[in-house]
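As structure tokens, the structure follows; a few thoughts come after it.
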Amino acid sequence: MAKRSTLSKGINTIGSFTRNNLERMGAVIDSMNAKTGKPSHYKAVNLGDEDFQQDLFREQTLKATQQLLGTRFATYGKYAKKVVPNSLFQSTVDGAFAQIAKLAATWSQIDLPNEHRFASVASLDDEERYALATDIANQNRALATIGGLTGLAGLPGLLADTLWLLLVSLRTVYQLAAVYNKPLTGKQGVKMAYELLANADLSKMQEKQALLAGIGIGKGLLDNAQSSGLHNELKNLGLKNKNVNFYAEQVDNIASQVGIDLDQINLSWIRRFLPGTAVIVGMRYNSQLIDEVIGVAQATFAPEAKLANRAITDDSGSEEEVSKTTSNDEQKEPKDQDSKKDSSDKSSDSQPKNTETDKAADQPKK
Numbered sequence: 123m124a125k126r127s128t129l130s131k132g133i134n135t136i137g138s139f140t141r142n143n144l145e146r147m148g149a150v151i152d153s154m155n156a157k158t159g160k161p162s163h164y165k166a167v168n169l170g171d172e173d174f175q176q177d178l179f180r181e182q183t184l185k186a187t188q189q190l191l192g193t194r195f196a197t198y199g200k201y202a203k204k205v206v207p208n209s210l211f212q213s214t215v216d217g218a219f220a221q222i223a224k225l226a227a228t229w230s231q232i233d234l235p236n237e238h239r240f241a242s243v244a245s246l247d248d249e250e251r252y253a254l255a256t257d258i259a260n261q262n263r264a265l266a267t268i269g270g271l272t273g274l275a276g277l278p279g280l281l282a283d284t285l286w287l288l289l290v291s292l293r294t295v296y297q298l299a300a301v302y303n304k305p306l307t308g309k310q311g312v313k314m315a316y317e318l319l320a321n322a323d324l325s326k327m328q329e330k331q332a333l334l335a336g337i338g339i340g341k342g343l344l345d346n347a348q349s350s351g352l353h354n355e356l357k358n359l360g361l362k363n364k365n366v367n368f369y370a371e372q373v374d375n376i377a378s379q380v381g382i383d384l385d386q387i388n389l390s391w392i393r394r395f396l397p398g399t400a401v402i403v404g405m406r407y408n409s410q411l412i413d414e415v416i417g418v419a420q421a422t423f424a425p426e427a428k429l430a431n432r433a434i435t436d437d438s439g440s441e442e443e444v445s446k447t448t449s450n451d452e453q454k455e456p457k458d459q460d461s462k463k464d465s466s467d468k469s470s471d472s473q474p475k476n477t478e479t480d481k482a483a484d485q486p487k488k
């Protein structure tokens with residue numbers, strides 16, 4: 123018993139230390155995104171709607187698998203369509219994504235009770251609840267950004283990064299729903315979680331996938347060119363892909379005109395540079411994509427829109443309007459006082475005139 127208690131205390135200490143560092147890292151990333159990006163206003167999602175579009179994670183996961191397997195994916199797809207009906211294939215894909223959502227829900231349930239403030243979440247006021255939601259959002263923001271390190275693995279890292287970002291995004295949705303006392307449970311909870319992701323603006327995921335895929339293909343080309351030569355590798359790549367053939371020929375023609383032997387170029391420094399570029403691209407896009415998920419989740423589950431968007435949107439414009447109105451009111455007050463003074467002076471000036479007319483009127487009577 124003593125060993126178990128010591129082990130549990132050690133695990134809790136490591137967990138709290140990790141969460142605190144993730145919160146700090148997420149807060150730094152959030153401030154960096156606020157400085158470089160534009161303020162965004164997120165709309166709440168009406169969960170439970172039967173008619174909603176599919177989230178981009180499904181599409182991008184299949185594309186990443188296709189890019190990883192290459193021509194084999196298309197071959198497997200042809201044989202699968204002949205043997206397996208489309209409805210069965212779709213149900214299999216839905217079941218796989220449902221398992222990912224259940225894994226994210228289990229992860230969130232394991233982690234949330236370790237938050238000392240979550241034990242009394244039912245008695246928290248709006249400010250305290252918002253502070254807890256902000257800390258949890260920063261944890262997930264840091265986790266999603268760290269997923270960009272999978273860019274070091276090339277094309278296999280592309281699929282791993284997509285699945286990791288999906289898992290962290292679902293974890294964010296489940297945790298924020300629990301913090302705002304609107305937990306998502308069961309099959310309906312899985313459906314609502316994916317419905318929220320479908321309403322988030324994840325269009326930048328396509329840009330990220332295209333960039334990472336290009337970097338991965340370039341790294342593979344340079345790895346092969348290190349042994350067979352860049353000239354032969356470009357030629358082979360053009361034969362495999364007709365769309366790339368034109369560009370490969372142009373590179374070869376320019377090199378021959380300039381007098382550069384492609385096979386003699388040292389590619390080691392480029393091969394070292396590309397993985398670092400993939401990591402930077404992945405981390406940057408992941409931080410922006412998780413911000414979209416956090417913003418929509420807070421706008422959906424938070425009791426007040428202003429409270430949900432306080433740390434996400436920039437309220438400097440509204441503050442300036444308030445300051446302008448107060449300054450205008452202050453400027454109006456002296457003008458009103460001056461107008462009162464002018465009216466009083468006019469009234470005082472009019473009184474002597476009345477006395478003079480009265481005297482003139484009394485003289486004939488005398």
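According to my numbering, the residues represented by the sequence shown are 123 to 488, in order.
Using N, Cα and C, we set each Cβ at its ideal position, and we do this for glycine too.
Distance, residue j Cα to residue i Cα
| i | j | result |
| --- | --- | --- |
| I416 | T294 | 7 Å |
| A421 | Y302 | 11 Å |
| L285 | S153 | 26 Å |
| L356 | T128 | 60 Å |
| I397 | I337 | For the record, residue 397 in the displayed sequence is Pro; it is not Ile. So the alpha carbons of these two residues sit roughly 8 Å apart. |
| I339 | D248 | 49 Å |
| I151 | N408 | 11 Å |
| A156 | S213 | 40 Å |
| Y296 | I412 | 14 Å |
| M147 | I376 | 46 Å |
| A166 | V418 | 6 Å |
| M327 | S138 | 31 Å |
| V312 | G404 | 26 Å |
| G269 | E181 | 19 Å |
| P161 | E250 | 24 Å |
| A186 | L265 | 21 Å |
| V290 | Q310 | 19 Å |
| P278 | S242 | 43 Å |
| T228 | L306 | 12 Å |
| I133 | R141 | 12 Å |
| L288 | T158 | 24 Å |
| D177 | A424 | 22 Å |
| G217 | Y164 | 30 Å |
| R263 | N321 | 19 Å |
| Q188 | N208 | 18 Å |
| D323 | L352 | 40 Å |
| N354 | A347 | 8 Å |
| I232 | Q372 | 56 Å |
| S440 | L246 | Model confidence at S440 stands at a pLDDT of 40, short of 50, so the residue's coordinates are unreliable; what they give is reported in the following sentence. Their Cα atoms are separated by approximately 28 Å. |
| A335 | A400 | 9 Å |
| K304 | L298 | 8 Å |
| G308 | A149 | 32 Å |
| I136 | L292 | 24 Å |
Rounded distance between the beta-carbons of residue j and residue i, thought under 8 Å
| i | j | result |
| --- | --- | --- |
| A315 | A255 | With 8 Å as the limit, A315 and A255 do not qualify as a contact, their Cβ atoms being about 16 Å apart. |
| E414 | Q261 | Incorrect: roughly 17 Å between the Cβ atoms, too far for contact. |
| L169 | E317 | 6 Å |
| L344 | I402 | Actually they do not touch by this definition, with Cβ atoms about 18 Å apart. |
| D300 | L234 | Note on identity: in this sequence residue 300 is Ala, with Asp being the wrong assignment. About 6 Å separates the two Cβ atoms, so the contact holds. |
| L280 | Q221 | Incorrect: roughly 21 Å between the Cβ atoms, too far for contact. |
| F179 | L319 | 7 Å |
| K341 | G276 | 5 Å |
| T272 | D283 | 4 Å |
Burial state of residue i (16 or more Cβ within 10 Å)
| i | result |
| --- | --- |
| L210 | exposed |
| L274 | exposed |
| S378 | exposed |
| I258 | buried |
| F395 | exposed |
| Q410 | buried |
| S121 | Outside the modelled stretch of the chain, which goes from 123 to 488, sits residue 121, for which no answer is possible. |
| N143 | exposed |
| A244 | exposed |
| T183 | buried |
| A253 | exposed |
Below-7 Å beta-carbon distance, residue i vs any chain D residue
| i | result |
| --- | --- |
| L289 | The chain inventory of the structure shown lacks chain D, comprising one protein chain alone. |
- Message: If we require 4 or more residues per run, which alpha helix (DSSP H) segments fall completely within the segment 223-281?
- Response: 248-268
- Message: If we require 4 or more residues per run, which alpha helix (DSSP H) segments fall completely within the segment 287-364?
- Response: 308-321, 326-350, 352-362
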